[in-house]
Amino acid sequence: MTPDQLDALAVRGFQGSAEEIERQWYEQVYRGRGDRMLQLTWRAVLMGSALGGLLAITNVYIGLKAGWGFGVAITACILSYAIWNVLHRVGLVATPMTVLENNCMQSTASAAGYSTGGTLISAFAAYMLINGQTLSLPIMLAWIFFLSVLGVTMAIPMKRQMINVEQLRFPSGIAAAETLRALHSVGDRGRRSARALSWAGLAALIGKLWAEGLVLVSAKLTPLMIGTWITAANQRLLGPAWIGRTVMLSWEPMFIAAGAITGWRVCWSMLLGSVSAWMIFVPMLQGQGVIEGEGYAALVQCRLWGGVACMVTSSLVAFARQWRTVRRAFADLGAMLTGGRRTVGDPVTAIEAPASWFLGGQIVGGLGLAWLGHVSLGMPYWQTVVAVGLSFVLALVACRVTGETDTTPVGAMGKITQLTFGAMSPGHVNVNLMSAAITASAASSSADLLTDLKSGYLLGANPRQQFVAQFAGIFVGTLVSVLAFRLLVPDASALGGDQFPAPAAQTWRAVALALSEGVLALGPVKAWSLLVGAAVGALLAIVPELLPSRRHLFPSPAGLGLAWTFHWYYGVLFFIGGALGRWAERRYPRWSAEFTFPVASGWIAGESLMGVMLVLWQNGPDLLRRLFGA
0 MTPDQLDALA VRGFQGSAEE IERQWYEQVY RGRGDRMLQL TWRAVLMGSA
50 LGGLLAITNV YIGLKAGWGF GVAITACILS YAIWNVLHRV GLVATPMTVL
100 ENNCMQSTAS AAGYSTGGTL ISAFAAYMLI NGQTLSLPIM LAWIFFLSVL
150 GVTMAIPMKR QMINVEQLRF PSGIAAAETL RALHSVGDRG RRSARALSWA
200 GLAALIGKLW AEGLVLVSAK LTPLMIGTWI TAANQRLLGP AWIGRTVMLS
250 WEPMFIAAGA ITGWRVCWSM LLGSVSAWMI FVPMLQGQGV IEGEGYAALV
300 QCRLWGGVAC MVTSSLVAFA RQWRTVRRAF ADLGAMLTGG RRTVGDPVTA
350 IEAPASWFLG GQIVGGLGLA WLGHVSLGMP YWQTVVAVGL SFVLALVACR
400 VTGETDTTPV GAMGKITQLT FGAMSPGHVN VNLMSAAITA SAASSSADLL
450 TDLKSGYLLG ANPRQQFVAQ FAGIFVGTLV SVLAFRLLVP DASALGGDQF
500 PAPAAQTWRA VALALSEGVL ALGPVKAWSL LVGAAVGALL AIVPELLPSR
550 RHLFPSPAGL GLAWTFHWYY GVLFFIGGAL GRWAERRYPR WSAEFTFPVA
600 SGWIAGESLM GVMLVLWQNG PDLLRRLFGA
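Under numbering that gives the first Met the number 0, the residue at position 491 of the sequence shown is numbered 490, and the numbers go up by one with no gaps.
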């Protein structure tokens, strides 16, 4: 059997009993016997930590702007391949990385760049909005570290059942494996992808500097900035009222790049949401004298409730409709925890992460979080135990959903915990936020690890070594993501404005306050907005499933709702990106398949990094004093 045939077989899935399936994979795909190929090496871990730390900064930046981060695995693979091959060609390293080393590297990068930052832009930012202050630096570092330990180790008992036996697809894991195969195959595709990502990143760096940063070099250069031209165009074409509603032009191409990889349906839904929110809903309320104040920060307070309700309700309804997946998850729980289908001495057991690692991680993570919750929030220890136990159950479901649909319902999982603690501990907003943070972090980290492990499964990697690589990434990820967040957001005033709208934090804050104060306490406008948004979200989750052939005609509730929580021009930029991506996919399918992701990822990373550098350039000394003075 040829290597291509084996690759296709691994993706399609082996047949037989659990033991037979695992034996077939071990004998036909596994490449770690006899150390025939390097995998877990210091250079892989160090490169993954460096790239993951870099991408963690970009994810915190774009998360504060758009409300979510992007997976970093494929971007890290391309960057690592490019960097290491350059070093090899100039003679600084003896050999290029193997495909399994690069796979370990992307596991480390994923943990550092993605798994550690999600709760910062949501729960921790919401905490700042509610309390007007943040937690101390040591406490924040400890929270993120223990959350990461809990989430990463939580995936251990799920891996063998979901990936080895059931062979769930985890489509992003398949995509990462195919990317690694292409990079390390004979030919120029790897070099073309690397060059595309590098040139896009460089162009984004220059474009961001040209748009916003020339004034920091010299005030005389201000007339030459793209931002100056855009401001002048807005003033001539639009009045102050429209500009105050963020109905204006803007130069932030990273959102065009993000739209290109987000998908057409979500992008046109964002445009619909932006138009309905900022050009219809807000002017109508202003005309009736309901909304007071000007600018994004004032106007968003009445408007975001509908968007929040739409996203929360649709995600919960969609989750409820996946009851078969939930049932399968619980049906497999016993097999996952006991490993009863296998013998202790089989070769696959020897290369899988042992159950003791799972127990150790849950004990360390759980005890650490219990202590932190008690010290920083006054949270009773038993509530942390409930939150951790609930998190395991919900992470189990989230991982299965990810394996079957490639969508991790982090929001729905967090909201279930918020609803639970809203009933169990009413009025305690901070406890509500941080208990949900435990669930969201566990679900996100577990699903991310399993997606990486799916790549390793297809490539024949040693899963125990891959787990060690991912665990190593949380140390750098914790440090970099927390420091980046505190530098960009030194206090609560930095959130909710034009620079950092923080839509994820606004969503979490809104749900926590609604559960704490009750819907009626919000006032009639916010209450009606919430109820109407909930109804729209439920309908958009149900009706397209009843009419599958016309599903593409209905807006995405996530895209529609999210647009109600951020600037008008974000929705427009996402729409442009989605339209360009759709056009390229249809007109130039081969070019699109090869270059869309590298170009878009490079642009997002480049613009985000320059955005962070400009913030530090302008406010660096003051930010550093605040950072270490807290």
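The beta-carbon is built from N, C-alpha and C at its ideal position, and this holds for glycine as well.
>> Taking its Cβ as the centre, do 16 or more other Cβ atoms sit within 10 Å of glutamate 21, making it buried, or is it exposed?
In response: In the sequence shown, the residue the question calls residue 21 occupies position 22. By the neighbour-count definition (other C-beta atoms within 10 Å, threshold 16), glutamate 21 is a buried residue.
> Are the segment 298-317 and the segment 529-545 in contact at 8 Å, needing three or more beta carbon pairs?
Replying inline: Yes, they touch.
>> So, with DSSP's three-state summary, where would you put leucine 601?
In response: Residue mapping note: residue 601 aligns to position 602 of the sequence shown, counting from 1. First, the amino acid is wrong: residue 601 is glycine here, not leucine. Assignment of glycine 601 by DSSP, reduced to helix, strand and coil, places it in the helix class.
> Going by alpha carbons, who is nearest to proline 523 out of Val151, Trp304, Val85?
Replying inline: Taking the sequence shown and counting its residues from 1, one reaches residue 523 at position 524. Minimum Cα distance to proline 523 is reached at Trp304.
>> If the criterion is Cβ atoms closer than 8 Å, does the pair valine 281 and leucine 298 meet it?
In response: Mapped onto the sequence shown, residue 281 falls at position 282. Mapped onto the sequence shown, residue 298 falls at position 299. If you check the CB distance, valine 281 and leucine 298 come in under 8 Å.
>> For glutamate 26, report the span of its alpha helix (DSSP H) as first-last.
In response: Position 27 of the sequence shown, counted from the first residue, corresponds to residue 26. For glutamate 26, the enclosing alpha helix (DSSP H) has its first and last residue at 17-27.
> Less than 8 Å separating the beta-carbons of alanine 435 and leucine 128?
Replying inline: Indexing the sequence shown from 1 puts residue 435 at position 436. Indexing the sequence shown from 1 puts residue 128 at position 129. No, the pair does not count as a contact, with Cβ atoms beyond the cut-off.
> Which two residues bound the contiguous alpha helix (DSSP H) that contains glutamate 176?
Replying inline: As a working mapping, residue 176 is identified with position 177 in the sequence shown. According to the sequence provided, residue 176 is alanine. The question's glutamate does not apply to it. Where alanine 176 is concerned, the enclosing alpha helix (DSSP H) stretches over 170-183.
> Do leucine 119 and alanine 441 have their C-beta atoms closer together than 8 Å?
Replying inline: The residue given as residue 119 occupies position 120 in the sequence shown. The residue given as residue 441 occupies position 442 in the sequence shown. Against a cut-off of 8 Å, the Cβ pair of alanine 441 and leucine 119 comes out as no contact.
> Do leucine 449 and isoleucine 162 have their C-beta atoms closer together than 8 Å?
Replying inline: Locating residue 449 in the sequence shown gives position 450, where the first residue counts as 1. Locating residue 162 in the sequence shown gives position 163, where the first residue counts as 1. When the beta-carbon positions are compared, leucine 449 and isoleucine 162 come within less than 8 Å of each other.
> Among residues of its own chain, excluding the 5 on either side of tyrosine 631, which ones have a beta-carbon nearer than 6 Å to its beta-carbon?
Replying inline: The first residue shown for the chain is 0 and the last is 629, placing residue 631 beyond what the model contains.
> Which residues in the same chain as phenylalanine 484 place their Cβ atom closer than 6 Å to its Cβ, once the five residues preceding and following it in sequence are excluded?
Replying inline: Looking up residue 484 in the sequence shown gives position 485. Around phenylalanine 484: Val59, Leu119.
> Straight-line CA distance for glutamate 403 to alanine 141?
Replying inline: Within the sequence shown, residue 403 is the residue found at index 404, counting from 1. Within the sequence shown, residue 141 is the residue found at index 142, counting from 1. Each residue's alpha carbon lies about 33 Å from the other.
>> Quick check: the Cα distance between threonine 133 and alanine 17, rounded to an integer number of angstroms?
In response: Position 134 of the sequence shown, counting from 1, holds the residue named residue 133. Position 18 of the sequence shown, counting from 1, holds the residue named residue 17. When rounded, the distance between both Cα atoms is 49 Å.
>> Would glutamate 211 and glycine 226 be called neighbours here (beta carbons separated by less than 8 Å)?
In response: Mapped onto the sequence shown, residue 211 falls at position 212. Mapped onto the sequence shown, residue 226 falls at position 227. Between glutamate 211 and glycine 226, the C-beta gap is smaller than 8 Å, which places the two residues in contact.
> Which one of Ser480, Trp507, Glu593 has the shortest CA to CA distance from isoleucine 61?
Replying inline: The residue you call residue 61 lines up with position 62 of the sequence shown. Isoleucine 61 has its Cα closest to that of Ser480, out of Ser480, Trp507, Glu593.
> Roughly how many angstroms lie between the CA atoms of glycine 339 and glycine 360, to the nearest whole one?
Replying inline: Taking the first residue of the sequence shown as 1, we reach residue 339 at position 340. Taking the first residue of the sequence shown as 1, we reach residue 360 at position 361. Bear in mind that the predicted position of glycine 339 carries a pLDDT of just 47, short of 50, making it unreliable; the figure below should be weighed with that in mind. C-alpha separation (whole angstroms): 21 Å.
>> Within a Cβ cutoff of 7 Å, which residues of the same chain sit near threonine 595, ignoring the five residues on either side of it in sequence?
In response: Residue mapping note: residue 595 aligns to position 596 of the sequence shown, counting from 1. Its chain contains Ala259, Ile260, Gly580, Ala583 as the residues whose beta carbon lies nearer than 7 Å to that of threonine 595, once the 5 sequence neighbours on both sides are disregarded; these appear in chain order.
> With a Cβ-Cβ cutoff of 8 Å, do cysteine 103 and alanine 501 count as a contact?
Replying inline: Within the sequence shown, numbered from 1, the residue matching residue 103 stands at position 104. Within the sequence shown, numbered from 1, the residue matching residue 501 stands at position 502. No. Outside cutoff.
> Which residues in the same chain have their Cβ closer than 6 Å to the Cβ of valine 265, if we skip the five residues on either side of it in sequence?
Replying inline: Along the sequence shown, one-based indexing puts residue 265 at 266. Counting only Cβ-Cβ distances below 6 Å, and skipping sequence neighbours, we find Ser555, Gly558.
> If you count every other CB in all the chains shown that lies within 10 Å of the CB of valine 571, and 16 or more means buried, which is it?
Replying inline: As a working mapping, residue 571 is identified with position 572 in the sequence shown. Buried: at least 16 other Cβ atoms inside 10 Å.
> What do you get for threonine 100, buried or exposed, if any count of 16 or more other CB atoms within 10 angstroms of its CB means buried?
Replying inline: As a first step, residue 100 must be located in the sequence shown, where it is residue number 101. Reading off the sequence shown, one finds glutamate at residue 100, where the question assumed threonine. Flag for glutamate 100 reads buried.
>> Tell me the rounded alpha-carbon separation between alanine 477 and leucine 545.
In response: As a working note, residue 477 is residue 478 in the sequence shown. As a working note, residue 545 is residue 546 in the sequence shown. The amino acid occupying residue 477 in the given sequence is threonine; alanine does not appear at that position. Note on geometry: alpha-carbon atoms of threonine 477 and leucine 545 lie some 43 Å from one another.
> Three-state secondary structure (DSSP) at aspartate 345?
Replying inline: As a first step, residue 345 is located in the sequence shown; it is residue number 346 there, counting from the start. Aspartate 345: coil per DSSP, three-state reduction.
>> Tell me which residues share the same chain as leucine 458 and place their Cβ nearer than 7 Å to its Cβ, disregarding the 5 neighbours each side in the sequence.
In response: Position 459 of the sequence shown, counted from the start, is the residue given in the question as residue 458. Taken in chain order, the residues that qualify are Val98, Leu99, Asn102, Ala176, Leu179.
> Is it the case that the Cβ atoms of alanine 72 and glycine 47 are separated by a distance below 8 Å?
Replying inline: Indexing the sequence shown from 1 puts residue 72 at position 73. Indexing the sequence shown from 1 puts residue 47 at position 48. Cβ distance not < 8 Å, so alanine 72 and glycine 47 don't count as in contact.
>> Our contact map puts phenylalanine 357 next to threonine 152 with C-beta atoms below 8 Å; I'd like the distance itself, whole angstroms only.
In response: In the sequence shown, counting from the first residue as 1, residue 357 sits at position 358. In the sequence shown, counting from the first residue as 1, residue 152 sits at position 153. Contact flag correct, Cβ pair sits at about 5 Å.
> What three-state label does DSSP hand glutamate 165 in the structure shown?
Replying inline: In the sequence shown, counting from the first residue as 1, residue 165 sits at position 166. If DSSP states are grouped into helix, strand and coil, glutamate 165 belongs with coil.
> In three-state DSSP terms, what is serine 275?
Replying inline: Here residue 275 refers to the residue found at position 276 of the sequence shown. Residue state for serine 275 is assigned as helix, using DSSP reduced to three classes.
> Can the beta-carbon of serine 106 be found closer than 8 Å to that of aspartate 451?
Replying inline: Within the sequence shown, numbered from 1, the residue matching residue 106 stands at position 107. Within the sequence shown, numbered from 1, the residue matching residue 451 stands at position 452. Yes. Within cutoff.
> Where do the N-terminal and C-terminal ends of the alpha helix (DSSP H) with leucine 50 fall, by residue?
Replying inline: Position 51 of the sequence shown, counted from the first residue, corresponds to residue 50. Note, leucine 50: alpha helix (DSSP H), 41-65.
> Alpha carbon to alpha carbon, what distance is there between leucine 615 and alanine 493?
Replying inline: Start at 1 with the first residue of the sequence shown, and residue 493 comes out as number 494. Start at 1 with the first residue of the sequence shown, and residue 615 comes out as number 616. In a straight line, the C-alpha of alanine 493 is about 14 Å away from that of leucine 615.
> What span of residues does the alpha helix (DSSP H) with proline 489 cover, start to end?
Replying inline: Taking the first residue of the sequence shown as 1, we reach residue 489 at position 490. Under the DSSP assignment, proline 489 falls outside any alpha helix (DSSP H); it carries neither an H nor an E label.
> Exposed or buried, what is arginine 159 when buried is set at 16 or more other beta-carbons lying within 10 Å of its beta-carbon?
Replying inline: As a working note, residue 159 is residue 160 in the sequence shown. Buried.
> By DSSP, does serine 192 sit in helix, in strand, or in coil?
Replying inline: The residue given as residue 192 occupies position 193 in the sequence shown. Per DSSP, reduced to three states, the secondary structure at serine 192 is helical.
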